[in-house]
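The opening residue of the sequence shown carries number 1 in full-length UniProt numbering; numbering runs sequentially from there.
Quick notes on the structure that follows.
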Amino acid sequence: MTPDSLSRALNDQRGFAAVELAAIAAELDADVHELITGAPDPHRLVLSARHSFDHETGSRSVDGLERDTALLDDVRLAYAQAGTARPGAALPTDVEQMRRLLPEGFVRRFIVHLAEIEVDVVRLGGLSTAYSLKIDGRPVILLPESGNWFHENWSLAHELGHLVLGHEGVIPGASGFETRERAANIFAAELLLPEARLRQMDWGRAGLPVLAQLVWDWGVSTDALRRRLNAHGLEPSSEVETALAWTTQKLLRRHWTGANAGDPITRRMTEAGERRFPAWLQEAHLERIAEGAVGKGTLAWMLGVPSDSLEVDEPDGAMELSDDAIAALLG
Numbered sequence: 001m002t003p004d005s006l007s008r009a010l011n012d013q014r015g016f017a018a019v020e021l022a023a024i025a026a027e028l029d030a031d032v033h034e035l036i037t038g039a040p041d042p043h044r045l046v047l048s049a050r051h052s053f054d055h056e057t058g059s060r061s062v063d064g065l066e067r068d069t070a071l072l073d074d075v076r077l078a079y080a081q082a083g084t085a086r087p088g089a090a091l092p093t094d095v096e097q098m099r100r101l102l103p104e105g106f107v108r109r110f111i112v113h114l115a116e117i118e119v120d121v122v123r124l125g126g127l128s129t130a131y132s133l134k135i136d137g138r139p140v141i142l143l144p145e146s147g148n149w150f151h152e153n154w155s156l157a158h159e160l161g162h163l164v165l166g167h168e169g170v171i172p173g174a175s176g177f178e179t180r181e182r183a184a185n186i187f188a189a190e191l192l193l194p195e196a197r198l199r200q201m202d203w204g205r206a207g208l209p210v211l212a213q214l215v216w217d218w219g220v221s222t223d224a225l226r227r228r229l230n231a232h233g234l235e236p237s238s239e240v241e242t243a244l245a246w247t248t249q250k251l252l253r254r255h256w257t258g259a260n261a262g263d264p265i266t267r268r269m270t271e272a273g274e275r276r277f278p279a280w281l282q283e284a285h286l287e288r289i290a291e292g293a294v295g296k297g298t299l300a301w302m303l304g305v306p307s308d309s310l311e312v313d314e315p316d317g318a319m320e321l322s323d324d325a326i327a328a329l330l331g
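So, in structure tokens, the structure goes:
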């Protein structure tokens with residue numbers, strides 16, 4: 001813009017053109033909807049992401065953010081097509097309040113217990129990392145289909161931390177993102193591995209079966225537990241210290257006695273690799289499909305099945321047009 005054009009626009013002698021507002025929004029990393037209307041875009045996704053942390057360089061990154069955008073937009077569409085979102089409950093404001101809200105041993109059914117307090121969890125293949133956001137005020141956590149249940153538990157706790165602490169837009173380059181990432185990680189550590197509980201243990205006498213049972217019950221990795229003990233200056237026996245350098249699977253397969261009853265370790269892995277959407281969201285789509293308000297394509301996508309194989313209640317006379325029928329209508 002010329003200085004004269006800018007001066008007249010700022011003095012209300014001319015309006016900003018749409019292309020000028022778009023350029024301003026891009027330059028300021030601002031919400032163009034808010035520039036025009038004065039209110040934030042209700043459909044804009046304001047994401048917080050779980051960053052990868054390089055322990056050697058101390059740097060954090062979300063390398064797959066750009067690739068994840070299309071999937072995140074699909075999730076937003078699924079909520080938009082469901083109509084008015086179910087209202088989310090007010091979350092606690094710190095980790096101690098959250099722990100009191102969750103039942104003892106919550107980690108085994110972490111996602112179910114989050115649903116009970118109106119926090120949605122979506123699990124999708126193709127995501128590079130975990131995210132948290134609010135859609136129409138409803139808290140939502142998104143997870144990749146990893147099969148890695150102990151990593152998933154930490155991601156759930158980490159993203160729950162962002163939501164509880166009121167963090168929004170925690171992505172690389174955002175103001176204060178490193179401070180808020182550290183705060184969410186501290187929240188996750190204290191939720192899953194409370195310092196008081198760790199100090200109650202006699203780590204100098206703990207054997208490998210006890211260690212394996214703790215890792216299983218707490219739903220964390222050997223690496224997470226090792227770092228947590230180091231952070232609080234708790235010294236385990238040499239046997240436990242050696243085992244904490246193993247992979248979680250190696251410790252459990254060799255020393256967890258519960259593995260003798262079938263294969264619960266593999267079951268946990270399978271569950272953490274399954275596509276998942278909130279039940280209320282799927283039910284809302286079923287109702288909207290029955291009303292003729294939306295098609296069944298998005299519900300089929302949520303379920304991970306072909307649309308033409310999905311049998312649902314649809315309005316009388318509703319049908320899917322074939323490619324040939326569409327071509328004929330278009331002449």
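Idealized CB from N, CA, C, for every residue including glycine.
Name the two residues that bound the continuous alpha helix (DSSP H) containing residue i.
| i | result |
| --- | --- |
| LYS296 | Segment: none, LYS296 is in no alpha helix (DSSP H) and carries neither H nor E. |
| SER128 | Note, SER128: premise wrong, no alpha helix (DSSP H); not H, not E. |
| PRO3 | 3 to 10 |
| ILE111 | 110 to 116 |
| ALA157 | 149 to 164 |
| SER238 | 238 to 243 |
| ILE171 | Neither: ILE171 is in no alpha helix (DSSP H) and is coded neither H nor E. |
| HIS255 | 248 to 255 |
| GLU271 | 264 to 271 |
| GLU311 | Careful: GLU311 lies outside any alpha helix (DSSP H) and carries neither H nor E. |
| GLU195 | 195 to 200 |
Apart from the five residues just before and just after residue i, which ones in its own chain have a Cβ nearer than 6 Å to its Cβ?
| i | result |
| --- | --- |
| residue 361 | As displayed, the chain neither begins before 1 nor continues past 331, which places residue 361 out of reach and without an answer. |
| VAL294 | GLN81 and ARG288 |
| PHE16 | ALA9 |
| SER237 | GLY204 |
| ASP313 | ALA290 |
Is it buried or exposed for residue i, if we count other Cβ within 10 angstroms and need 16 for buried?
| i | result |
| --- | --- |
| ALA39 | exposed |
| ALA212 | buried |
| VAL121 | buried |
| THR242 | exposed |
| LEU28 | exposed |
| LEU156 | buried |
| HIS55 | exposed |
| SER48 | buried |
Going by beta-carbon coordinates alone, are residue i and residue j separated by less than 7 Å?
| i | j | result |
| --- | --- | --- |
| THR179 | SER221 | no |
| LEU127 | ASP68 | yes |
| GLU168 | ILE141 | no |
| ILE36 | ALA85 | no |
| GLU152 | LEU163 | no |
| THR129 | ARG197 | no |
Give me, in chain order, the residues of the same chain whose beta-carbon lies closer than 8 Å to that of residue i; leave out the 5 immediate sequence neighbours on both sides.
| i | result |
| --- | --- |
| PHE154 | One detail in the question is off: residue 154 reads as Trp in this sequence, not Phe. If we look at TRP154 and ignore the five residues flanking it on each side, its Cβ neighbours are ALA188, LEU192, VAL220, SER221 and ALA224. |
| ALA78 | PHE277, LEU281, HIS285, THR298, TRP301 and MET302 |
| LEU252 | ALA212, VAL215, TRP216, ALA259 and ILE265 |
| GLY147 | MET269, THR270, ALA272 and GLY273 |
| PRO306 | ALA300 |
| ALA25 | ASP31, VAL32 and LEU35 |
I'd like the span of the beta strand (DSSP E) that includes residue i, first residue to last.
| i | result |
| --- | --- |
| VAL220 | That residue, VAL220, is in no beta strand (DSSP E); it is neither H nor E in DSSP. |
| LEU143 | 138 to 144 |
So, for residue i: in the same chain, excluding its five sequence neighbours on each side, which residues have a beta-carbon less than 7 Å away from its beta-carbon?
| i | result |
| --- | --- |
| GLU195 | HIS232 |
| GLU190 | VAL95 |
| ILE117 | ALA89 and LEU101 |
| VAL75 | VAL122 and LEU142 |
(Q) Extract the residue ranges of the alpha helix (DSSP H) inside the stretch 25 to 96, only unbroken runs of 4 or more that lie entirely within it. (A) 32 to 37 and 65 to 81
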